[in-house]
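**Student:**
See the structure below:
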């Protein structure tokens, strides 16, 4: 790709630069050998790259995504605005009143790996949802460090959204901050990374990387199913050894099933530090919250200042809860709407309105859904088998305590993100600005 081919001037704007690279350059920047070295950081991880290639061939895209500096700033501003609203007692009362009692427990931690998902469009980044146990952060850190310039002209544009060499320590520091926020001193001796049937999870390779991350920091770590845990003499136990902190990857966000009883008791009694936790899910990830955050009148009632209201309305598609009273109006407007279960995750049971059948519509009307104004995703051109193909993309900002830690993208084909698209999967995000243009034309090294 020759940056000069786009005939840019400094006046076109950085967003135009990023969009043009995304739409016109299908170069592959992933270095497979660098990726292998990043994944296989210790002997116990040897063979992980080959296993991912065999069992998860579409986990990583070979193509990077580019955004403008103002896009990154807009995402950061949106996250800061949301944090300001979520700190209001009136908002918290609204969110917690519709959640189970366990969500009212507040031991202090903020919750690691918050995921703010955006679509990029003409109106700027549009926040489509928030996730509390957003997967992929460590995998995307590895992926970002495995890139190389596909040509000299692209080098100046390869500016990551985080200081990549310091990122692993930043992840560890966030867990240690959670530990301190619950009033603990020192460091946890043993961490459990918990999910149901962890080895069967699609992102199991990330669990292995988390275990390495903790062990490399001098903290023992295990990966386990919640059924392997017990609560004995006031301690959460695994294999007869106490657990101090649980990194929670479960999708039973309120710890309601019987198999989670030991973990739930340990959390309720404060015997462990649990992150992410039920309170965070209620405050952030229940999609009914978006109906508040995108409603000017509701925000004003909560005491949100007008400048924050304006920022939220500009960046969050209007969202409403599906109710019988709204049924006719929502059906009539369905082609401009996206329907999501308010307690869902991972794009499960989500529907574009123009694809709805009457059978699915009746299921939606039965309850538990929100309708969100359609914010179309942007696209990224990729090369596949010698041919160019355009894939949809969304951008995820991984954040802690309101601060972005890393931005990554997911490339896909279909209604929602998936890891089944050839050429798709996780993609690193780089920040391209107009100041890079002259350097890019000269082909200078980064």
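Numbering (the working numbering), first residue to last: 2 to 447. Think of the CB as a built atom: it goes at the ideal place given N, C-alpha and C, for glycine as much as any other residue.
According to the Cβ coordinates, are residue 70 and residue 15 closer than 8 Å?
**Tutor:** Taking the first residue of the chain shown as position 1, residue 70 is located at position 69. Taking the first residue of the chain shown as position 1, residue 15 is located at position 14. It is a contact, given that the beta carbons lie within the stated cut-off.
**Student:** Mind listing, in chain order, the continuous alpha helix (DSSP H) runs of no fewer than 4 residues lying wholly within the stretch 254 to 312?
**Tutor:** Qualifying alpha helix (DSSP H) stretches, in chain order: 262 to 269, 289 to 294 and 297 to 302.
**Student:** Are three or more beta carbon pairs between the stretch 105 to 116 and the stretch 267 to 275 nearer than 8 Å?
**Tutor:** These segments touch.
**Student:** Look at residue 60 and residue 147 and say whether their C-beta atoms are less than 8 Å apart.
**Tutor:** Working through the chain shown from its first residue, we reach residue 60 at position 59. Working through the chain shown from its first residue, we reach residue 147 at position 146. For residue 60 and residue 147, no; Cβs fall outside 8 Å.
**Student:** Hey, how far is the Cα of residue 47 from the Cα of residue 163?
**Tutor:** Walking along the chain shown from the start, residue 47 turns up at place 46. Walking along the chain shown from the start, residue 163 turns up at place 162. The straight-line gap from Cα to Cα measures roughly 27 Å.
**Student:** Who are the Cβ neighbours of residue 22 in its own chain at under 7 Å, not counting the five residues just before and after it?
**Tutor:** Reading the chain shown from its first residue, position 21 is the one you call residue 22. Only 67, 158 and 433 meet the Cβ criterion.
**Student:** Looking at the secondary structure, which residues open and close the alpha helix (DSSP H) in which residue 211 lies?
**Tutor:** Position 210 of the chain shown, counting from 1, holds the residue named residue 211. Taken as a continuous stretch (DSSP letters only), the alpha helix (DSSP H) holding residue 211 covers 205 to 217.
**Student:** Rounded to whole angstroms, what's the CA-CA distance from residue 44 to residue 380? Just pull it up for me.
**Tutor:** Locating residue 44 in the chain shown gives position 43, where the first residue counts as 1. Locating residue 380 in the chain shown gives position 379, where the first residue counts as 1. Distance between the alpha carbons of residue 44 and residue 380 is about 38 Å.
**Student:** With C-beta atoms as the reference, is residue 88 less than 8 Å away from residue 114?
**Tutor:** Here residue 88 refers to the residue found at position 87 when the chain shown is read from its first residue. Here residue 114 refers to the residue found at position 113 when the chain shown is read from its first residue. Against a cut-off of 8 Å, the Cβ pair of residue 114 and residue 88 comes out as no contact.
**Student:** Once DSSP output is grouped into helix, strand and coil, what is the label at residue 426?
**Tutor:** Here residue 426 refers to the residue found at position 425 when the chain shown is read from its first residue. Here residue 426 sits in strand by DSSP.
**Student:** For my contact list, residue 421 and residue 395 are in at a C-beta cut-off of 8 Å; report their separation, rounded to the angstrom.
**Tutor:** Taking the chain shown and counting its residues from 1, the one referred to as residue 421 is at position 420. Taking the chain shown and counting its residues from 1, the one referred to as residue 395 is at position 394. Contact flag wrong, Cβ pair sits at about 15 Å.
**Student:** Using the Cβ count rule (16 or more neighbours within 10 Å means buried), how would you classify residue 418?
**Tutor:** Indexing the chain shown from 1 puts residue 418 at position 417. Classification of residue 418: buried, given that the 10 Å Cβ count is 16 or more.
**Student:** Inspect the CB distances between the stretch 358 to 371 and the stretch 387 to 404 and report whether three or more fall short of 8 Å.
**Tutor:** Contact fails: fewer than three Cβ-Cβ distances are below 8 Å.
**Student:** Kindly list the residues whose CB is nearer than 6 Å to the CB of residue 459, restricted to its own chain and excluding five residues on each side of it in sequence; keep chain order.
**Tutor:** Because the chain is modelled from 2 through 447, residue 459 falls outside the range shown and cannot be assessed.
**Student:** CB-CB under 7 Å to residue 49, same chain, minus the five flanking residues each way: which ones, in chain order?
**Tutor:** Here residue 49 refers to the residue found at position 48 of the chain shown. Contacts found: 40, 41, 206 and 209.
**Student:** Just the Cα atoms here: how many angstroms apart are residue 84 and residue 277?
**Tutor:** Numbered from its first residue, the chain shown carries residue 84 at position 83. Numbered from its first residue, the chain shown carries residue 277 at position 276. Cα to Cα, the separation comes out at about 16 Å.
**Student:** Touching or not, the stretch 218 to 228 and the stretch 249 to 261, by the rule of three or more beta carbon pairs under 8 Å?
**Tutor:** Yes, since at least three Cβ pairs between the stretch 218 to 228 and the stretch 249 to 261 fall closer than 8 Å, the two stretches touch.
**Student:** Could you tell me the alpha carbon to alpha carbon distance between residue 73 and residue 337, rounded to whole angstroms?
**Tutor:** Stepping through the chain shown from its first residue, residue 73 is reached at position 72. Stepping through the chain shown from its first residue, residue 337 is reached at position 336. Residue 73 and residue 337: Cα-Cα distance of roughly 27 Å.
**Student:** Taking only the alpha-carbon atoms, compute the straight-line gap between residue 34 and residue 145 and give it to the nearest angstrom.
**Tutor:** One-based indexing of the chain shown puts residue 34 at position 33. One-based indexing of the chain shown puts residue 145 at position 144. So the alpha carbons of these two residues sit roughly 13 Å apart.
**Student:** Helix, strand or coil for residue 373, going by three-state DSSP, please let me know.
**Tutor:** Translated into the one-based positions of the chain shown, residue 373 becomes position 372. If DSSP states are grouped into helix, strand and coil, residue 373 belongs with the strands.
**Student:** May I have a chain-ordered list of the beta strand (DSSP E) segments no shorter than 3 residues that lie completely inside the stretch 371 to 410?
**Tutor:** Entirely contained in the stretch 371 to 410, the beta strand (DSSP E) runs reaching 3 residues are, in chain order, 379 to 385 and 388 to 401.
**Student:** With which residues is residue 222 paired in a DSSP beta bridge?
**Tutor:** The count along the chain shown starts at 1 and reaches residue 222 at position 221. The partner list for residue 222 (beta bridge, DSSP) reads 192.
**Student:** From the DSSP output, in three-state form, read off residue 118 for me.
**Tutor:** Here the question's residue 118 lines up with position 117 in the chain shown. Strand, per DSSP.
**Student:** By how many angstroms is the C-alpha of residue 351 removed from the C-alpha of residue 212?
**Tutor:** If you number the chain shown from 1, residue 212 lands on position 211. If you number the chain shown from 1, residue 351 lands on position 350. Roughly 32 Å separates the two Cα atoms.
**Student:** Can you say whether residue 184 is buried or exposed, counting buried as having 16 or more other CB atoms within 10 angstroms of its CB?
**Tutor:** For the purposes of this step, residue 184 is taken as the residue at position 183 of the chain shown. Label assigned to residue 184: exposed.
**Student:** Between which two residues does the beta strand (DSSP E) containing residue 236 stretch?
**Tutor:** As a working mapping, residue 236 is identified with position 235 in the chain shown. It spans 236 to 239 - the beta strand (DSSP E) in which residue 236 sits, taken as one unbroken run.
**Student:** Helix, strand or coil for residue 66 per DSSP?
**Tutor:** On the chain shown, residue 66 is found 65 positions in, with the first residue counted as 1. Reduced to three states, the DSSP call for residue 66 is strand.
**Student:** Between which two residues does the beta strand (DSSP E) carrying residue 95 extend?
**Tutor:** As a first step, residue 95 must be located in the chain shown, where it is residue number 94. Not the beta strand (DSSP E): residue 95 falls in the alpha helix (DSSP H), residues 90 to 98.
**Student:** Find out if the Cβ-Cβ distance for the pair residue 367, residue 132 is shorter than 8 Å.
**Tutor:** To locate residue 367, count along the chain shown from 1; it is residue 366. To locate residue 132, count along the chain shown from 1; it is residue 131. No, the Cβ-Cβ distance between residue 367 and residue 132 is not below 8 Å.
**Student:** According to DSSP, is residue 433 part of a helix, a strand, or is it coil?
**Tutor:** Numbered from 1 along the chain shown, position 432 holds the residue referred to as residue 433. Coil, per DSSP.
**Student:** Does the beta-carbon of residue 127 have 16 or more other beta-carbons within 10 angstroms, so that it is buried, or is it exposed?
**Tutor:** Counted from its first residue, the chain shown places residue 127 at position 126. Residue 127 comes out buried.
**Student:** Give the list of continuous alpha helix (DSSP H) stretches no shorter than 4 residues that lie fully inside the stretch 24 to 67.
**Tutor:** For the stretch 24 to 67, whole alpha helix (DSSP H) runs of length 4 or above, ordered along the chain, are 33 to 40 and 49 to 56.
**Student:** So what's residue 134 in DSSP terms, helix, strand or just coil?
**Tutor:** Taking the first residue of the chain shown as position 1, residue 134 is located at position 133. It is coil, neither helix nor strand.
**Student:** Indicate the three-state DSSP secondary structure (helix, strand or coil) for residue 129 in the structure shown.
**Tutor:** Indexing the chain shown from 1 puts residue 129 at position 128. Note: residue 129 maps to strand in three-state DSSP.
**Student:** In this structure, does DSSP put residue 6 in helix, strand or coil?
**Tutor:** As a first step, residue 6 is located in the chain shown; it is residue number 5 there, counting from the start. Low per-residue confidence applies at residue 6: pLDDT is 47, beneath 50, and the placement is therefore not dependable, though the value from the model is reported in the following sentence. The answer is helix: DSSP assigns residue 6 an H, G or I state.
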